[in-house]
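With positions in the sequence shown counted from 1, the corresponding number in the numbering used here is that position plus 17.
All C-beta atoms in this analysis are idealised placements derived from N, C-alpha and C, irrespective of residue type, glycine included.
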Amino acid sequence: MSIAKSGDKVRLHYTGKLDDGSVFDSSNGQAPLEFVVGSGQVIPGLDKEIPGMQVGETKTVKVPCDEAYGQHDPSARQSVPREAIPADIPLTPGTQLQAQAEGNQIIAVTVVSADETEVILDANHPLAGKDLTFEIELVELV
18 MSIAKSGDKV RLHYTGKLDD GSVFDSSNGQ APLEFVVGSG QVIPGLDKEI
68 PGMQVGETKT VKVPCDEAYG QHDPSARQSV PREAIPADIP LTPGTQLQAQ
118 AEGNQIIAVT VVSADETEVI LDANHPLAGK DLTFEIELVE LV
């Protein structure tokens with residue numbers, strides 16, 4: 018039986034849920050997620066649970082926010098003058114946009130609110146501050 022260890026390339030199926038049981042992501046109906054164990058390609062709380070798993074094994078993994086997308090950072094929320102955003106950009110709350118930060122770095126932001134004078138953007142990951150639960154199945158070692 019094949020057992021996963023750090024440095025192995027693995028494929029796994031997963032379903033990610035929030036504390037209320039709602040599914041935020043899943044590989045169901047898609048190709049399994051492929052990554053190298055211990056490489057930082059997936060969140061740390063999930064990555065550390067893979068070594069020692071056997072191909073075909075399933076388990077439920079609870080990942081606290083500090084081992085997922087971190088705490089919600091209030092300073093990552095910013096007010097931008099409405100005229101600084103092109104008129105053709107949709108500003109419905111929840112819309113995800115890309116913005117250019119200092120040093121020409123591109124970051125993902127979410128529209129929190131918008132009116133005629135200002136737009137509130139949030140650069141936190143949408144899952145920041147949330148504990149996550151994953152149901153995983155190690156499909157294969159590649």
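Taking Cβ positions only, does residue i come closer than 8 Å to chain E?
| i | result |
| --- | --- |
| Asp105 | Here chain E cannot be found, since the structure has a single protein chain. |
With a CB to CB cut of under 8 Å and the five nearest residues on each side skipped, what residues in its chain are close to residue i?
| i | result |
| --- | --- |
| Ser23 | Val54, Gly55, Pro68 |
| Leu114 | Ile106, Ala125, Val126, Thr127, Val128, Leu138 |
Assuming residue i and residue j make a contact with CB atoms under 8 Å, what is their CB distance in whole Å?
| i | j | result |
| --- | --- | --- |
| Ala140 | Ile124 | 5 Å |
| Thr109 | Val128 | 7 Å |
| Lys65 | Thr150 | 15 Å between Cβ atoms; not a contact. |
| Val27 | Val136 | No, Val27 and Val136 are not in contact; Cβ-Cβ is about 41 Å, not under 8 Å. |
| Ser39 | Tyr31 | 15 Å between Cβ atoms; not a contact. |
| Pro81 | Gly57 | Actually they do not touch by this definition, with Cβ atoms about 18 Å apart. |
| Gln88 | Gly33 | At roughly 18 Å, the Cβ-Cβ gap does not stay under 8 Å, so Gln88 and Gly33 are not in contact. |
Does DSSP put residue i in a helix, a strand or coil?
| i | result |
| --- | --- |
| Leu35 | coil |
| Pro1 | Outside the shown range of the chain (18 to 159) lies residue 1, about which nothing can therefore be said. |
| Pro68 | coil |
| Pro98 | strand |
| Asp42 | strand |
Among the residues of its own chain, which have a CB less than 6 Å from the CB of residue i, if the five just before and after it don't count?
| i | result |
| --- | --- |
| Thr75 | Glu154 |
| Gln95 | Leu138 |
| Thr112 | Val128 |
| Met70 | Ala21, Leu155 |
| Ala131 | Leu108 |
| Ala85 | Ile60, Gly62, Leu149 |
Does the Cβ of residue i lie closer than 7 Å to at least one heavy atom of the ligand PLP?
| i | result |
| --- | --- |
| Ser43 | By its list of ligands, the structure shown contains no ligand whatsoever, and the ligand PLP lies outside what it can speak to. |
How would you write the range of the beta strand (DSSP E) that residue i sits in, first residue to last?
| i | result |
| --- | --- |
| Val80 | 75-80 |
| Ser23 | No beta strand (DSSP E) contains Ser23, which DSSP labels as neither H nor E. |
| Glu51 | 50-53 |
Under 7 Å Cβ to Cβ from residue i, same chain only, skipping five residues before and after it: list those, please.
| i | result |
| --- | --- |
| Gln117 | Ile123 |
Query - Whole beta strand (DSSP E) elements within the segment 109-152, 3-residue minimum - result: 113-117, 123-131, 135-139
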